[in-house]
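K.L.:
There are 2 protein chains.
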Amino acid sequence: MKNHEQIKPEDLGCAEKLQAVGDSLYAIGGKWKLRVIIALSQGHCRFNDLQRTITGISGKVLSSELKELELNGFVKRNVQAENNPVIVEYELTPYSQTLKDVVYALIKWGVLHREKIKSEAKVSNV
Amino acid sequence: MKNHEQIKPEDLGCAEKLQAVGDSLYAIGGKWKLRVIIALSQGHCRFNDLQRTITGISGKVLSSELKELELNGFVKRNVQAENNPVIVEYELTPYSQTLKDVVYALIKWGVLHREKIKSEAKVSNV
DNA sequence: GACACTAGTTAACAAAAGGTAACTACTAAC
DNA sequence: GTTAGTAGTTACCTTTTGTTAACTAGTGTC
């Protein structure tokens, strides 16, 4: 069975499910990692551009997140040394494409959840 | 358009995607929330049972996570006062079912990621 | 000359999250 | 009477995460 698409979460036991989400959160958990990946996927590939796009992130945190993402194989760092000052561009690796479903699900749920909160706020104002 | 299934993340702009994952992470981010939800979905509904199932969680943290999850409408706390000592059972609300896709995607990716790490470790040992 | 841009790093600090161990109070078994 | 189970709470401490502001070093603009 070579096809990874055949992994069926519903066939796993409780401990295996917990371990699997634990592994996910270990790699891509935290406040910023997925946001950096989304910004990169939307064509924002340079440091200052990323920092402007991902509102609230500080330079220090962005720097350390990019390093970790590079180390874990999600991001590739390309230096254009011919330019001066040197230009650095970040790009997503093919492996980061495997996160597509995770990102999709989280965006979709985030939109739904915001709508729920909004409608609750409306009700409590009446 | 009443059907929430029609939300299409690919139609959102970058800022909206970032806001949506931000909303998701705000509600269900962190090390434990999704694990508690998974354990509850697998039939572990009592405090000590949850603590045994979710390895590594402390009583203090489990207690505060359950309170937050209850406050945000993911969990219902049922007290059986007729028993002595009192028995408390937690159950997931219908709203927590909307997280199904998120949990599914994270479990699936976690399994895939573990396999990747394992195969990399093998290569580096040869 | 002063400021803004490139891509960050560094130091000092603050806040949030999490861990440990002791404790409540009551029941049941050995 | 000691131990284990029920469901937590409390105080103290450590770790992780994040913030701010200053700084590097070079180029281009007003």
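Protein chains in written order, with our numbering: chain A, 1448 to 1573; chain B, 1448 to 1573. In this text, a Cβ means the ideal position worked out from N, Cα and C, and glycines have one as well. Note that the coordinates shown come from a computational prediction; the quantities given were computed from them, not determined experimentally.
Inspect the beta-carbon positions of isoleucine 1484(A) and leucine 1553(A) and report whether they are closer than 8 Å.
P.N.:
Working through the first sequence from its first residue, we reach residue 1484(A) at position 37. Working through the first sequence from its first residue, we reach residue 1553(A) at position 106. No. Outside cutoff.
K.L.:
Quick one: does glutamine 1527(A) have its CB under 8 Å from some CB of chain B?
P.N.:
Translated into the one-based positions of the first sequence, residue 1527(A) becomes position 80. By this cut-off, glutamine 1527(A) is not an interface position.
K.L.:
Give every residue of the same chain whose Cβ lies closer than 6 Å to the Cβ of tyrosine 1542(A), excluding the five residues on either side of it in the sequence, and list them in chain order.
P.N.:
Residue numbering aside, residue 1542(A) sits at position 95 when the first sequence is read from its first letter. Only Gly1520 meet the Cβ criterion.
K.L.:
Write down every uninterrupted run of the beta strand (DSSP E) in the stretch 1505-1571 of chain B whose length is 3 residues or greater and which is fully enclosed by it, in chain order.
P.N.:
Those beta strand (DSSP E) runs which fall completely within the stretch 1505-1571 of chain B and span 3+ residues are 1522-1527 and 1534-1539.
K.L.:
Since valine 1468(A) and arginine 1482(B) should fall inside the 8 Å C-beta cutoff, what is the C-beta to C-beta distance between them, to a whole number of angstroms?
P.N.:
As a working mapping, residue 1468(A) is identified with position 21 in the first sequence. As a working mapping, residue 1482(B) is identified with position 35 in the second sequence. Indeed they touch by this definition, with Cβ atoms about 6 Å apart.
K.L.:
Please state whether DSSP places isoleucine 1484(A) in a helix, a strand or coil.
P.N.:
Taking the first residue of the first sequence as position 1, residue 1484(A) is located at position 37. It is helical.
K.L.:
Pick out whichever of Lys1464(B), Leu1487(B) and Lys1455(B) has its Cα sitting closest to the Cα of glutamate 1512(B).
P.N.:
The residue you call residue 1512(B) lines up with position 65 of the second sequence. Checked all of Lys1464(B), Leu1487(B) and Lys1455(B); the closest Cα to glutamate 1512(B) is Leu1487(B).
K.L.:
Go ahead and pull the three-state DSSP assignment for threonine 1500(A).
P.N.:
Along the first sequence, read from residue 1 onward, the residue named residue 1500(A) stands at position 53. Correct three-state label for threonine 1500(A): helix.
K.L.:
How many whole angstroms separate the CB atoms of isoleucine 1454(B) and lysine 1555(A), which I take to be in contact at a CB cut-off of 8 Å?
P.N.:
As a position in the second sequence, residue 1454(B) is number 7, starting the count at 1. As a position in the first sequence, residue 1555(A) is number 108, starting the count at 1. Isoleucine 1454(B) to lysine 1555(A), Cβ: 5 Å. Contact.
K.L.:
Could you spell out where the alpha helix (DSSP H) holding leucine 1459(B) opens and where it closes?
P.N.:
Within the second sequence, residue 1459(B) is the residue found at index 12, counting from 1. Per DSSP, leucine 1459(B) belongs to no alpha helix (DSSP H) and is neither H nor E.
K.L.:
Using a beta-carbon distance cut-off of less than 9 Å, what residues from the stretch 1549-1564 of chain B approach chain A?
P.N.:
Those would be Val1549, Val1550, Tyr1551, Ala1552, Leu1553, Ile1554, Lys1555, Trp1556, Gly1557, Val1558, Leu1559, His1560, Arg1561, Glu1562, Lys1563 and Ile1564, in chain order.
K.L.:
Just to make sure I have the definition right: I need the residues of chain B whose C-beta is within less than 8 Å of the C-beta of proline 1541(A). Which are they?
P.N.:
Along the first sequence, one-based indexing puts residue 1541(A) at 94. Neighbours of proline 1541(A) on chain B: none; closest Cβ ~12 Å, over 8 Å.
K.L.:
Which class does glycine 1476(A) belong to by DSSP, given the choice of helix, strand or coil?
P.N.:
For the purposes of this step, residue 1476(A) is identified with residue 29 of the first sequence, where counting begins at 1. Glycine 1476(A) falls in the coil class under three-state DSSP.
K.L.:
Suppose you measure from the CA of valine 1578(A) to the CA of tryptophan 1479(A); what does that come to, to the nearest Å?
P.N.:
Any answer about residue 1578(A) is impossible in this case: the structure gives chain A only from 1448 up to 1573.
K.L.:
Counting only the same chain and skipping the five closest in sequence on each side, list residues whose C-beta sits under 7 Å from that of serine 1505(A).
P.N.:
As a working mapping, residue 1505(A) is identified with position 58 in the first sequence. Cβ neighbours of serine 1505(A) beyond the five flanking positions: none.
K.L.:
At a cut of 8 Å, does the stretch 1455-1467 of chain B reach the stretch 1490-1505 of chain B through at least three beta carbon pairs?
P.N.:
As far as the Cβ criterion goes, the stretch 1455-1467 of chain B does not touch the stretch 1490-1505 of chain B, which means the pair count is below three.
K.L.:
Measuring alpha carbon to alpha carbon, tell me which of Ser1566(A), Tyr1473(A), Tyr1551(A) and Asn1572(A) ends up nearest serine 1471(B).
P.N.:
For the purposes of this step, residue 1471(B) is taken as the residue at position 24 of the second sequence. The option with the nearest alpha carbon to serine 1471(B) is Tyr1551(A).
K.L.:
When you compare each of His1491(A), Arg1561(A), Ile1564(A) and Glu1515(A) to valine 1535(A) by their alpha carbons, which one comes out closest?
P.N.:
Numbered from 1 along the first sequence, position 88 holds the residue referred to as residue 1535(A). Checking every option, the nearest Cα to that of valine 1535(A) belongs to His1491(A).
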